[in-house]
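In what follows, a structure is listed as structure tokens, so that the remarks can point back to it.
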Amino acid sequence: MTSQATQLQEKNESGPITLVNTFVVPNGEMLNAIELWRKEASIMKATPGFISTQLHRGTGSSNVLVNVAIWESAEALREGFENQDFQAALLQYPPGTVAYPHVLQRVAVDNICTA
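The sequence shown: position 103 = 103 (full-length UniProt numbering), numbered continuously.
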């Protein structure tokens, strides 16, 4: 699997990209993790090229959060990710929090969906 850092350095086709980031949060830390994500999202929203974001939480007692963010380009996302305030916010997540980020592009599938 290609790392997010590698994906952000690669040249991609024009058009928006989607960041899908799955977080596994330690027990008892969900509300703290959501508040930290809110702070991160506020930083990213101020970055040129940011389009939108939506946080999803697993149902029931799930300890999973999924962030789906749309950016104008991988370059714009890279600039946001390199922001020093954003990097400092990353360090505040509870110990044991694991993130699985991946950068994606929409795919057209005949008779099903458009890109």
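Cβ atoms here follow ideal geometry from the backbone N, Cα and C, with glycine treated the same way.
Here the structure is a predicted model, which means the values were calculated and not measured.
Put simply, of N32, A69, E72 and G15 the residue whose alpha carbon is nearest the alpha carbon of N63 is N32. The closest CA to that of V24, considering only V98, E72 and A88, is found on V98. In the structure shown, I17 falls within a strand segment according to DSSP collapsed to helix, strand and coil.
The Cβ neighbour count for G28, taken over all protein chains shown within 10 Å, is under 16; the residue is labelled exposed.
If you ignore the 5 residues before and after I43, its C-beta comes within less than 8 Å of the C-beta of G80, N83, D85, F86 and A89, all in its own chain and listed in chain order. With contacts defined by Cβ atoms closer than 9 Å, L77 and L65 do not form a contacting pair. If you draw a 10 Å sphere on the C-beta of L91, you find fewer than 16 other C-beta atoms in it, and that means exposed.
For the 9 Å CB-CB criterion, N67 and T53 form a contact. Linking V109 to G96 through their CA atoms gives a straight-line distance of about 38 Å.
Secondary structure in the UniProt domain "ABM" (16–89): the alpha helix (DSSP H) runs of 4 residues or longer, each lying completely within the stretch, are 30–45 and 74–82 in chain order.
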